[in-house]
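J.: So the protein lines, in turn, are chains E and R.
Just so we're aligned: 289 in this note's numbering is position 131 of the first sequence, and the numbers increase by one with no gaps anywhere.
Just so we're aligned: 285 in this note's numbering is position 281 of the second sequence, and the numbers increase by one with no gaps anywhere.
Backbone N, C-alpha and C define an ideal beta-carbon position, used for all residues, glycine too.
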Amino acid sequence: MTRYSAFAVAREAFRDHQGWTRAWASPEPKRKYDVIIIGAGGHGLATAYYLGKNHGIRNVAILEKGWLGGGNTGRNTTIIRSNYLQDPSAAIYEKARSLYEDLSQDLNYNVMFSPRGVMMLAQTEHEVRGYKRTAYANALQGVKTEFISPARVKEFCPIIEIRGPRYPVLGALWQARGGTARHDAVAWGYARKCSEMGMDVIQKCEVTGIRSDGGVVKGVTTNRGDIDCDKLGIVVAGHSGHVADMAGFRLPIESVALQALVSEPIKPCMDVVVMANTVHGYMSQSDKGEMVIGGGADGYNNYTQRGSFHHIEETVRALNETFPIISRLKMLRMWGGIVDMTGDRSPIISPTPLGNCFINCGWGTGGFKAIPGSGWATAEMIAKGASGPLAAEFGLDRFREGRFIDESVAAGVAH
Amino acid sequence: MSHRLSTGGRLIDRSERRSFRFNGKTMTGFAGDTLAAALLGSGQTLVGRSFKYHRPRGIVTSGGEEPNALMNLGTAKTFEPNARATTTELFDGLTAESQNHWPSLEFDVGEINAKLSRFLPAGFYYKTFLWPRAFWKHVYEPVIRASAGLGKAPRHRDADHYEYMHVTTDVLVVGGGIAGLTAAKAAAVSGAEVMLVEQTANWGGRAPVDGAVIDGQPAEDWVAATVAELEAMPNVRLRTRAMGAGVYDHGYSLVYERLTDHAPDPSRPRHRLWKVRAGRIVTATGSIERPLSFAGNDLPGVMLAAAVRDYVVNYGVAPGKRTVVVTNNDDGYRTALALKEAGLEVPVVLDARKQATGPLADAAREAGIRVAAGRGIAKVTGKGKVEVVHICDQAGAGAVVEEVRADCVAMSGGWSPVVHLWSHCGGKLTWDDENACFRPDPDRAPTGADGTPFVAAAGAANGAVTTAEVLADAWAAGGGSGEAPKADAEDRQPMMPVWAMPAQAPYALRAKSWLDFQNDVKVTDVELAAREGFQSVEHTKRYTTLGMATDQGKLSNINGLAVLARELGEDIPAVGTTTFRPPYTPISMGAIGGEARGELFQPVRRTPIHDWHEENGAHWEPVGHWRRPYAFPKEGESTHDAVTREVRATRERVGLLDASTLGKLIVKGPDAGRFLDMLYTNMMSTLPVGKCRYGLMCTENGFLTDDGVVARLSDDAWLCHTTTGGADRIHAHMEEWLQTEWWDWKVYVANVTEQYAQVAVVGPKAREVLQALGGDMDLSKEALPFMQWAEGRIGDFDARVFRISFSGELSYEVAVPASQGRAFWDALLDAGRKHSITPYGTEALHVMRAEKGFIMIGDETDGTVIPQDLGLNWAISKKKEDYLGKRAQERDHMTDPLRWKLVGLETLDGSVIPDGAYAAEEGLNLNGQRKTEGRVTSTYYSPTLDRGIAMGLVERGPDRMGEVIDFPLIGGGSVKAKIVSPVFYDPDGEKQNV
């Protein structure tokens, strides 16, 4: 496989780019693998990658019913941050964020991690106290954040209206090494490396059943035949409930549409990511110049990747007030993705009632930022057969025990 | 070059000149022009620069699909970037600037990218800019961002305003061409309520330009008559400048009406967003012509053939003096004929089809136009404009057989139905081989809740081609009975799909053949994507950015799909399309927000006493949708000092709090008692009439979610106080349980929060102040003891008086009808003057409750705290079989003795522990994080004790009284605090119970 570099691009330029080969192979499924991962989104591919890289397990297939990276990995607003309140969250998101720092080099694929800084605006006294608390927690967790003044908010992001009038900005929680990355590239970069390690990334391969024997998984049934495995990882985001059902267990999750939208592109005017949770909206500017905007999730369960317009209205109203200059920009496109919501809005990384079957789901509205850390922790769990410290608190049993990891205090909108 | 013709132009009024500025230069046009028409009429063919390579670009289209002619429009508070010149109507004083160039449109440094384009193929940025690591953020990304981005960022608050309209209609017809008019008429004569919307200022669409004849009349006349007929019908609503923007579930549709863009008027809304609930939607949205993929097809002067015709016929504007027409279908000839009729030169029509036959080709020949069959364009060359057209055999590899000088190329690659609205809500497409296009699949329409289709496509949008087909199809889509409008059948020659021109074009030509003009995606980019395995159409799109520009692929997608299909050796329908998403063309954020801006954005809820607070210097704090006074600083006083003063005045004499924002829910009915027993952790059914009880409410997961005092009003009615922020949430919570779980219980809940003004009169002199007002109530300790309530008159006011206290002082909370609230407040101020009665704000409230050890929802609770953590076991009934959260609170983790529990914290040095601080233990957990053993939940300077006090949750806290724990500070150092009782003030309640 060609190593990517400016030199390689220059070399290819002189032969009309005819020498580029496939970024990932397109193999036929084998009869059996050591590990099958269902779902070639960011989390599934990262899980496979770290299985190979950290644990030397390379006889792995990643099965994708559609096109890889086509779920929430390719639909989110690309925000990366780790300024979470609770210890288990901060640990896994910070692990992810720190892996993002070197991911382009690690994958030899430019995922465009841009640590431009993330700020979460405090617009009520209650939020001020909440974010100060997060800053204290982060200091002990080894996550670099600080609570900054309105003046510094304005300095970092001149297009914010800090005087309100409805909700003046009272400060912000600032994570300088948070930012964004190119979402598709994350999936593509992992897929390319998985393929390079000899793993089989198999698209258009839909799992229709999970086979087991004596309470232990044996393999999967797909539209391309039966495939056996020693261990199975279910990493399918918006369809977790369906696939868990095939494995014979239920999940404490609900599936709802989360929407996002972009404006037409404009010249750079915003160098940070801003989240305004009091009014429910967040915004950043992509490298193409589009203002990338996200808001709340629909209030009802569904599987259509569309969503209702009134959520878009609420989000845009909020942002028109927060960033008055956007009122005369135009919305170019709106879309939705299906997110798994758990009772505590924290993910599930867990063994399951089915032996040798593991699940990673429930990332709710904030999964993209977690991809490398999630893959790391899930790979460790699958390789060792039990959760390591990063995943330990995210087990399914926590719902039975009431051991919730609730971030609601830190973020009304948990992105 | 392009110029204004001396005659013609069906949409312009030559007696009305319009002056405008483009890039600082004054130009003129006519009323009825679009900016694009006026620019072309003024000889301006170069209008912008492309996104990636900064290639010079001209106007390509005459409508909303325009990829190139995007403008920075207006100035300051009315500035708008990325305005399409083709849909911008000209007005006097319009100012426009072209985009994405530096220093000027004509000389753009960014054009270096075009020179380097061989090094910048699709996705090059994924393979490069990897080292050194820090360069991405600090060097590469800023350069890329600055060179991309098109229009300028606005710098000012928008001067305009916007509005919503809500309408319900039987039928929404989108598109005011002959199909839309026909469908609307068909629906209207059947008696249906119809809304018909047209995105441009003019009815009729393409038919009048194309010279159609309907029911024996010229299309223009038929359109005018039909519009007049529809206008006269009471069941029809017609809107121009109104675009169907999106279709959502259940027939909910958006129509985006531009009210003043064509005639700025700050007194009127700029845009109006119609939210239409339609029983049926007919999409009569026409079709869009496709470009042809030949080398140099992006040069200014290369335009869609129908657009060339539009400019000539509609605006009396010639896009060029000598126009080569290149086509793969009959329609191109119409352009050639229109040009000829306007006295312009058409050196040749290149018809890619093997034979150029049929009435239109014959008519062209008769008009003296040379027709070359089987020919195509190898390349178009020129310096920033069309100069020479290099003609080749379409079937060949681009060997040039002839060179023709020209300044314009009119291209037609066939037509694509506009299927966007059909597709938004799940309508599927089918491939039409005859016309080489995707069209709506009538068997897979978007369906409503009952499974019946609610969208029908009509006319060209449904794949109909000739006028006769369009009319018949639209009449049926509108549900018409009887006679449809008629047109003569046409002898039409089949089109020939041309996805590459010439068919065997070598790499060098394909690398100059643009698919997506704005984003600079060329044929070779799609080929590269396919070669590298980006074979899903979504991968190709995302890898190459094909179709991701502001036109969202309206011109490029089908051509791109065809290239991809060819590379993969598949059929186009097997490759499929990307997803069509709203809006059809971009709509303003202002319109999406509607009226909800400024004061109408989350309107402030005001208590009856709000104005007094405002007049008396309240420092406001947003709480829920309310604003509450945080404190009332006097002239020259800090808020901190004001809080101190307010606390002391209240503790020593008497204070006054506007408590009107507290939620008040009346729960009434035969089952109200048992309902409240389920909602609250303690027993409410046994509360005697006349008494009050403090209650806790938990979620199903056991976590404390709200608290407040409940008063029993009568046998079957209770008044539940909630927190200020909780009123609506708790009301909804009650309704959810009543409507979904206990739907057979006889209980009503009414939120009467705003019906009352409630004032807390607090402090040792509280009783005296109230008694001074007179009235018929006995407020003595004996008649109205602590935790009881009574009704009567205080002074002239109708009062319900609660003996409850959130401060630890003697306290009366008095509710009066909202209409009497302000007068009651004023009367209290008067009556309390001799005691220097002192209004206080939320912060003094917080300080006093913390001194007293009362918890605050949102401070001591955060969604993870159960009442047992807070030492509130006394408020949890042991007798009840069940209440919401009971089972959850019995789970392992909830009964874990190591849970963090509420304590008081007293700093050793008397300082105030910072908000949010955590108590740390020695050592790290398995994830390398410092271990913690507690945290501060409320922390204040206590004016009463003159020292810092705090409440916190600490591991096994109540068992560790007297222990000192350590709160590290951010930036170094720490605060040490002793674990103490959370009740710092009057632990025996001697002050409140008097």
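Does R/K131 get closer than 8 Å to chain E when you measure Cβ to Cβ?
T.: yes
J.: Name, going along the chain, the residues of the region 469–481 of chain E whose beta-carbon falls closer than 7 Å to a beta-carbon of chain R.
T.: Listed in sequence order: I470, E471, V474, R475, N478, E479.
J.: Measure the C-alpha to C-alpha separation of R/L263 and R/R272 and round it to an integer number of angstroms.
T.: Straight through space, the alpha carbons of R/R272 and R/L263 are spaced by roughly 8 Å.
J.: Taking the straight line between their C-alpha atoms, what separation do you get for R/L343 and R/P450?
T.: 42 Å
J.: Please confirm whether R/S592 has its beta-carbon closer than 8 Å to some beta-carbon of chain E.
T.: yes
J.: Can you give the Cα-Cα distance for R/I373 and R/A360, rounded to whole angstroms?
T.: 12 Å
J.: Is the region 884–895 of chain R close to the region 970–983 of chain R, with three or more CB pairs under 8 Å?
T.: The count of Cβ pairs closer than 8 Å, one atom from the region 884–895 of chain R and one from the region 970–983 of chain R, stays below three, leaving the stretches out of contact.
J.: Any C-beta of chain E within less than 8 Å: which residues of the region 920–935 of chain R qualify?
T.: G920, A921, Y922, A924, N929, L930, N931, G932, Q933, R934
J.: Distance cutoff 8 Å, beta carbons only. Does E/L298 sit that close to anything in chain B?
T.: Annotation note: the requested chain B is absent from the structure, which comprises protein chains E and R.
J.: Which first and last residues belong to the alpha helix (DSSP H) in which R/K119 is found?
T.: R/K119 -> alpha helix (DSSP H) spans 116–119.
J.: Looking at E/S442: is its Cβ nearer than 8 Å to the Cβ of E/M428?
T.: yes
J.: Pull up the CB-CB distance for R/A462 and R/V175, whole angstroms please, since I reckon it's below 8 Å.
T.: That belief does not hold up - the Cβ atoms of R/A462 and R/V175 are roughly 11 Å apart, past 8 Å.
J.: Taking DSSP's pairing of strands, which residues face R/S689 in a bridge?
T.: Answer is none; R/S689 lacks a bridge partner.
J.: Quick check on DSSP: helix, strand or coil for R/P158?
T.: Note: R/P158 maps to coil in three-state DSSP.
J.: Compute the beta-carbon to beta-carbon distance between E/L490 and E/E448, rounded to the nearest angstrom, for a pair I have assumed lies under 8 Å.
T.: 7 Å
J.: Can you confirm whether the region 400–417 of chain E touches the region 459–467 of chain E when touching is taken to mean that 3 or more C-beta pairs between the two stretches lie within less than 8 Å?
T.: yes
J.: Per DSSP, what kind of secondary structure is R/H275 in: helix, strand or coil?
T.: strand
J.: Using DSSP with H/G/I as helix, E/B as strand and the rest coil, what is R/M738?
T.: helix
J.: Using the Cβ count rule (16 or more neighbours within 10 Å means buried), how would you classify R/R837?
T.: Residue environment analysis places R/R837 among the exposed positions, since fewer than 16 neighbouring C-beta atoms fall within 10 angstroms of its C-beta.
J.: So that I know if they touch, is there some Cβ in chain R lying closer than 8 Å to that of E/G560?
T.: Yes, E/G560 lies at the interface with chain R (some Cβ there is under 8 Å from its Cβ).
J.: For R/V175, list the residues DSSP reports as bridge partners.
T.: R/V198, R/R284
J.: Which residues, in order along the region 437–448 of chain E, keep a beta-carbon less than 7 Å from a beta-carbon of chain R?
T.: Listed in chain order, the positions of the region 437–448 of chain E with a beta carbon within less than 7 Å of a beta carbon of chain R are D445, K446, G447.
J.: Taking beta-carbon pairs under 7 Å, can you tell me which members of the region 531–556 of chain E lie near chain R?
T.: P547, L548
J.: Just how far apart, CA to CA, sit R/V987 and R/I859?
T.: 10 Å
J.: Going by beta carbon distance, what residues of the same chain come within less than 8 Å of R/V64, once the five residues before and after it are set aside?
T.: E70, P71, N72, A73, P295, V306, M307, L308, A311, F521, L559
J.: How many Å lie between E/A434 and E/R233 at the Cα?
T.: About 20 Å.
J.: Quick one: grab the DSSP three-state call for E/K188.
T.: coil
J.: Buried or exposed: E/F165, going by 16 or more other Cβ atoms within 10 Å of its Cβ?
T.: exposed
J.: If contact means a Cβ-Cβ distance below 8 Å, which residues of the region 237–271 of chain R contact chain E?
T.: G250, Y252, D253, Y256, L258
J.: Could you work out which residues of chain R lie near E/I392, taking near to mean beta carbons separated by less than 7 Å?
T.: Per Cβ cutoff of 7 Å: no residues; E/I392 is ~22 Å from chain R at best.
J.: CA-CA distance, R/A376 and R/P238?
T.: 53 Å
J.: Helix, strand or coil for R/T339? Go by DSSP, reduced to three states.
T.: helix
J.: Determine, using beta carbons only, whether E/Q333 and E/V286 come nearer to each other than 8 Å.
T.: no
J.: Is any beta-carbon of chain E found at less than 8 Å from that of R/L134?
T.: By the rule that beta-carbons nearer than 8 Å mark a contact, R/L134 touches chain E.
J.: Below 6 Å CB to CB, which residues in the same chain sit around R/L348 once its five sequence neighbours on both sides are set aside?
T.: A322
J.: Could you check if E/I194 belongs to the surroundings of the ligand FMN, using beta carbon to heavy atom distance under 7 Å?
T.: Ligands in the displayed structure: none, and consequently the ligand FMN is not present.
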